[in-house]
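K.L.:
Pasting a structure here, questions to come.
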Amino acid sequence: MRLAKFLAHAGVASRRSAEQMIAAGRVSIGGAVVTDPARDVDRASGVTVDGEPIAPEERQVFVLNKPAGVVSTAKDTHRRPTVVAMVESANRLYPVGRLDAETTGLILLTNDGELADRLTHPRYGVEKGYHARVAPAPVSKGDLRRLRQGIELEDGRTAPASVRQLEPGRLEIWLGEGRKRQVRRMCEAIGHRVVELERFAFGPLRLDRLAAGGERLPPGSWRELTAAEVEQLRKVGESS
Ligand code: URA
Numbered sequence: 006m007r008l009a010k011f012l013a014h015a016g017v018a019s020r021r022s023a024e025q026m027i028a029a030g031r032v033s034i035g036g037a038v039v040t041d042p043a044r045d046v047d048r049a050s051g052v053t054v055d056g057e058p059i060a061p062e063e064r065q066v067f068v069l070n071k072p073a074g075v076v077s078t079a080k081d082t083h084r085r086p087t088v089v090a091m092v093e094s095a096n097r098l099y100p101v102g103r104l105d106a107e108t109t110g111l112i113l114l115t116n117d118g119e120l121a122d123r124l125t126h127p128r129y130g131v132e133k134g135y136h137a138r139v140a141p142a143p144v145s146k147g148d149l150r151r152l153r154q155g156i157e158l159e160d161g162r163t164a165p166a167s168v169r170q171l172e173p174g175r176l177e178i179w180l181g182e183g184r185k186r187q188v189r190r191m192c193e194a195i196g197h198r199v200v201e202l203e204r205f206a207f208g209p210l211r212l213d214r215l216a217a218g219g220e221r222l223p224p225g226s227w228r229e230l231t232a233a234e235v236e237q238l239r240k241v242g243e244s245s
């Protein structure tokens, strides 16, 4: 991994500040000062900052059932609560992708940048499942077909999606991409407004089964994923 990225992952500083530290000669590898931020390093390289050994943070992944009104950016200019503030960790976490403030449901937080990339980059196509209540109801068969085949949006055509109407006006939508307000915009394009939106699935994870005993994770609740669950997530990123 590049030295600057390694320092950022280790929680030493942001990528930009890490580059400045390196340029200032504060970083050594195996006792020798290094000024190239692109130097390839790993845990075993013996990286120090101001003479202090750097141990990368333990990687953690948390799942949260995001309530409405909470934003999924790290900070909010309107002082609304953030998903990051809801989860307790000694590490600096960031959300894996975004949910709109009004969208509820499953969101992951991690300090593992590589995993976050795999889970959100459209190249890997990791599927996320949404339940959307729309008005007016019902959605016609023709419009369901349009949603499945792809909708022309201002940022391009959406990829084929799996869509079914569970009951009149209640849709289950699976997307392998995650553009801004995508479900809302797709539904608007066929003349339906989304009045409620919940993400109920992220790859192999289901909101319904994430609490202890395989129960539904209540709104506002969170927990750290087990090593086995993280491994499952890594696998979907690889196989997609
Ligand atoms: N699609 C949306 O429109 N909003 C979300 O929060 C997630 C997917």
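Residue numbers 6 to 245, in the working numbering, belong to the letters of the sequence shown in order. Backbone N, C-alpha and C fix where the C-beta goes; we use that ideal spot for every residue, glycine too.
1. Specify which residues have a beta carbon nearer than 5 Å to any heavy atom of ligand 1, listing them in chain order.
2. If you draw a straight line from the C-alpha of Arg150 to the C-alpha of Val144, how long is it?
3. Less than 6 Å between C-beta atoms, sequence neighbours within five positions excluded: which residues of the same chain meet that for Arg103?
4. My output table needs one value for Asp45: the three-state DSSP class, helix, strand or coil.
5. Less than 8 Å between the C-beta atoms of Ala206 and Leu176, yes or no?
6. Excluding five sequence neighbours on each side, which residues of the same chain lie with their C-beta closer than 7 Å to the C-beta of Arg184?
7. Any idea if Leu8 is buried or exposed, counting beta-carbon neighbours within 10 angstroms, 16 or more meaning buried?
8. Excluding the five sequence neighbours on either side, which residues of its own chain have a C-beta within less than 6 Å of the C-beta of Pro127, listed in chain order?
9. Would you say the stretch 31-45 touches the stretch 91-101, given that touching needs at least three Cβ pairs under 8 Å?
10. Based on Cα-Cα distance, which residue from Arg153, Glu132 and Val188 lies nearest to Leu210?
P.N.:
The relevant details are as follows:
1. For ligand 1, the selected residues are Leu104, Asp105, Thr108, Arg186, Gln187, Val188 and Arg189.
2. Counted from its first residue, the sequence shown places residue 150 at position 145. Counted from its first residue, the sequence shown places residue 144 at position 139. Rounded to the nearest whole angstrom, the C-alpha separation of Arg150 and Val144 is 10 Å.
3. Position 98 of the sequence shown, counted from the first residue, corresponds to residue 103. If we look at Arg103 and ignore the five residues flanking it on each side, its Cβ neighbours are Ser77.
4. Within the sequence shown, numbered from 1, the residue matching residue 45 stands at position 40. The answer is strand: DSSP assigns Asp45 an E or B state.
5. Mapped onto the sequence shown, residue 206 falls at position 201. Mapped onto the sequence shown, residue 176 falls at position 171. The beta carbons of Ala206 and Leu176 sit no closer together than 8 Å.
6. Here residue 184 refers to the residue found at position 179 of the sequence shown. Counting only Cβ-Cβ distances below 7 Å, and skipping sequence neighbours, we find Asp160.
7. Mapped onto the sequence shown, residue 8 falls at position 3. Of the other Cβ atoms in all chains shown, 16 or more fall within 10 Å of the Cβ of Leu8; this residue is therefore buried.
8. If you number the sequence shown from 1, residue 127 lands on position 122. Cβ neighbours of Pro127 within its own chain (closer than 6 Å, five residues either side excluded): Glu182.
9. Taking 8 Å as the limit for Cβ pairs, the verdict is that the stretch 91-101 does not touch the stretch 31-45.
10. Reading the sequence shown from its first residue, position 205 is the one you call residue 210. Ranking Arg153, Glu132 and Val188 by Cα distance to Leu210 puts Glu132 first.
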